[in-house]
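Notes follow the structure.
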Amino acid sequence: MMVKEWCMYCGECAGVCPRSLIEVRETSLIFNEEGCKDCQICVQVCPVQALSKEE
Ligand code: SF4
Ligand code: SF4
1363 MMVKEWCMYC GECAGVCPRS LIEVRETSLI FNEEGCKDCQ ICVQVCPVQA LSKEE
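What follows is the structure in structure tokens.
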């Protein structure tokens, strides 16, 4: 998952991941990509379109 620089670290994406694969830190997002089933829910829920799939 690519995180754009305008991410506000609001935690919305982490809250909706059905597998709890996203960890929000103060100035970073940590993805556990291994368990990701590519459901795109995190991408869709972000209020500022800060997530995208491309490498
Ligand atoms: S929902 Fe968007 S702005 Fe909020 S932490 Fe996730 S990527 Fe960042
Ligand atoms: S695509 Fe789905 S499984 Fe993967 S990190 Fe986002 S919400 Fe979680």
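Numbers in my numbering are just positions in the sequence shown, counted from 1, shifted up by 1362. Positions of the beta carbon are idealized from the N, C-alpha and C atoms, including for glycine. Here the structure is a predicted model, which means the values were calculated and not measured.
Less than 7 angstroms separating the Cβ of residue i from some heavy atom of ligand 1?
i        : result
Cys-1398 : no
Cys-1379 : no
Can you tell me whether residue i is buried or exposed? The criterion is at least 16 other CB atoms within 10 Å of its CB, across all chains shown.
i        : result
Cys-1408 : buried
Looking at the structure shown, is residue i part of a helix, part of a strand, or coil, going by DSSP?
i        : result
Val-1365 : strand
Val-1386 : strand
How many Å lie between residue i and residue j at the Cα?
i        : j        : result
Ile-1403 : Tyr-1371 : 16 angstroms
Gly-1377 : Ile-1384 : 8 angstroms
Val-1365 : Pro-1380 : 19 angstroms
Ser-1390 : Leu-1413 : 13 angstroms
Cys-1401 : Ile-1392 : 17 angstroms
Is it the case that the Cβ atoms of residue i and residue j are separated by a distance below 8 angstroms?
i        : j        : result
Met-1363 : Lys-1399 : no
Please find out if some non-hydrogen atom of ligand 2 comes closer than 7 angstroms to the beta-carbon of residue i.
i        : result
Cys-1408 : no
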